[in-house]
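Each residue of the sequence shown is one higher than the one before, starting from 24 at the first, in the working numbering.
Report on the structure given below.
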Amino acid sequence: SPSSSILDRHPILQVVQLFPVSFAFPSLIFVFSYLNRMALHANCRALMFLWIGAFILMVTINLLMALFDLSAGHYNPQKISETAWGPYLYTGHGMTHAFSSVQELYIAVERAVACHRPARYHNRRFSWRTFLIAEGIAFAWTYCYMLIIQTDNFFYIGAASNTVDMSALFCMIMGSRFVRRMNRKEYDTLNAKYQVREASTVSHIILVIGFVSLFSKMTAMIWVWLYVVGIASFSIITTSAVMMHTVNCGIVGYLLIWLHEGLKKRVVALQLAVCQSRSTAIAGIMRYADIELRERYTKLAAAATETHFTELARYWA
């Protein structure tokens, strides 16, 4: 078809993929770098690091897909195994998608547990055993998802993705309702009240992000179902689905910054620092330019004076 021939000759799909990548990276890197400064329990912080880290890896894989296709001149792939790197990149992208959804589920459960007995929970250290068991289950599911991707059966890929996303959203809704109910209780200590309020804030943010993330992921999976029923070509559906996932990652990062007061204050402080450094740099450049103009004017004035007296001496000679 004419559209396929255009996609074969020109790197349209690859260039388009660079826009969502440039949209997603700044917010994710900013959130990842400031997670350590958020008032979270060590368990929640570890899950957040894995969650945002999975998003960063997903966006990086999207960038690698575009760059590898550009370097090889392979602009319009028709199946996953068509190129040497295709199976690895598509499998890695799907695995990070599945892994991030499991982390969303874990964060919702962890916030609910944190509100059950806040004074006892927040005095405990990082639960290594529980963390390793939970992440072992997450990696086992991710491995199963990898096997599903390698079958090249997009019906199973779409069904598996939708199942884990719906499960994560269900846990977010139930966890948020439980946290809201616990937030209405009266607590004996100020520390317990503060911890429950922080857990409620994070749970609300995660729930909002969960709805947005699920909508984006479901929209991305619509392209997969279009391929299953034979409406869209492979290159179109994969590029669109991957781009939607990348946009989703960026939206999650920006929503975290917008909804969390601590992160929002960090952004404002960073903007003020950048504006201040920019104004300082401009002032320095203007000062340097002013000195240069002054020196040049002094030299020109001295040369004009010397010429004037030379002409006078010649006239009176």
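Note that CB positions come from ideal geometry on N, CA and C, so glycine has one too.
On a predicted model such as this, the values are computed, not experimentally measured, just so you know.
Does the beta-carbon of residue i have 16 or more other beta-carbons within 10 angstroms, so that it is buried, or is it exposed?
i	result
Glu-284	exposed
Ser-123	buried
Ser-24	With a pLDDT of 49 at Ser-24, under the threshold of 50, the predicted position of this residue should be treated as unreliable, though the coordinate-derived value follows. By the neighbour-count rule (16 or more Cβ atoms within 10 Å), Ser-24 is not buried but exposed.
Leu-192	buried
His-139	exposed
Tyr-129	buried
Pro-43	buried
Pro-49	exposed
Val-252	exposed
Arg-134	buried
Gly-181	buried
Asn-66	buried
Thr-186	exposed
Ser-94	exposed
Thr-165	buried
Gly-276	buried
Tyr-338	Bear in mind that a pLDDT of 49 at Tyr-338, under 50, signals an unreliable position, so the number given afterwards is only what the model happens to contain. Per the 10 Å Cβ criterion, exposed.
Ile-232	buried
Ile-254	exposed
At the level of alpha carbons, what is the spacing between residue i and residue j?
i	j	result
Met-197	Leu-237	16 Å
Glu-221	Leu-63	8 Å
Gly-224	Cys-194	The sequence as given places Thr at residue 224; Gly does not occur at that position. One C-alpha to the other measures close to 16 Å.
Ser-263	Leu-249	11 Å
Ser-199	Tyr-113	33 Å
Met-61	Val-219	15 Å
Thr-261	Tyr-179	15 Å
Phe-234	Cys-167	25 Å
Ile-171	Tyr-111	13 Å
Val-290	His-227	20 Å
Arg-148	Ala-157	17 Å
Lys-288	Arg-203	25 Å
Leu-58	Leu-36	34 Å
Thr-153	Ala-131	15 Å
Phe-91	Tyr-144	47 Å
Asn-176	Asn-146	48 Å
Leu-155	Ala-163	12 Å
Val-38	Gly-159	37 Å
Ser-190	Ser-45	30 Å
His-331	Cys-298	Annotation note: pLDDT 49 at His-331 (below 50); position unreliable, coordinate value reported separately. In a straight line, the C-alpha of His-331 is about 49 Å away from that of Cys-298.
Thr-83	Thr-174	24 Å
Met-241	Asp-188	8 Å
Leu-278	Val-136	24 Å
Ala-108	Met-169	The question names Ala, but residue 108 is Trp in the sequence shown. Between Trp-108 and Met-169, the C-alpha separation is close to 15 Å.
Pro-141	Ser-150	15 Å
Ile-259	Ile-75	27 Å
Tyr-217	Phe-201	17 Å
Does DSSP classify residue i as helix, strand or coil?
i	result
Val-54	helix
His-331	Bear in mind that the predicted position of His-331 carries a pLDDT of just 49, short of 50, making it too unreliable to give a figure here.
Tyr-338	Bear in mind that the predicted position of Tyr-338 carries a pLDDT of just 49, short of 50, making it unreliable; the figure below should be weighed with that in mind. In this structure, Tyr-338 counts as helix in the three-state DSSP scheme.
Thr-174	coil
Arg-140	coil
Trp-108	coil
Val-252	coil
Ser-150	coil
Met-61	coil
His-283	coil
Ser-24	Confidence is the limiting factor: at Ser-24 the pLDDT is only 49, short of 50, which leaves the residue's position unreliable, though a coordinate-based value still follows. Residue state, collapsed to three classes: coil.
Assuming residue i contacts residue j (C-beta within less than 8 Å), just tell me the rounded distance between them.
i	j	result
Asn-85	His-116	7 Å
Ile-245	Glu-127	Rounded, the Cβ-Cβ distance is 20 Å, inconsistent with contact.
Ser-239	Met-267	6 Å
Gln-40	Met-118	Contact doesn't hold; Cβ gap of about 19 Å is too wide.
Val-125	Ala-161	4 Å
For the 8 Å Cβ check, are there 3 or more pairs between the stretch 281-295 and the stretch 71-85? no
The stretch 276-290 in contact with the stretch 50-65 per 3-pair CB rule at 8 Å: yes
For the stretch 79-86 against the stretch 263-282, do three or more pairs of beta-carbon atoms, one drawn from each stretch, fall closer than 8 Å, so that the two count as touching? yes
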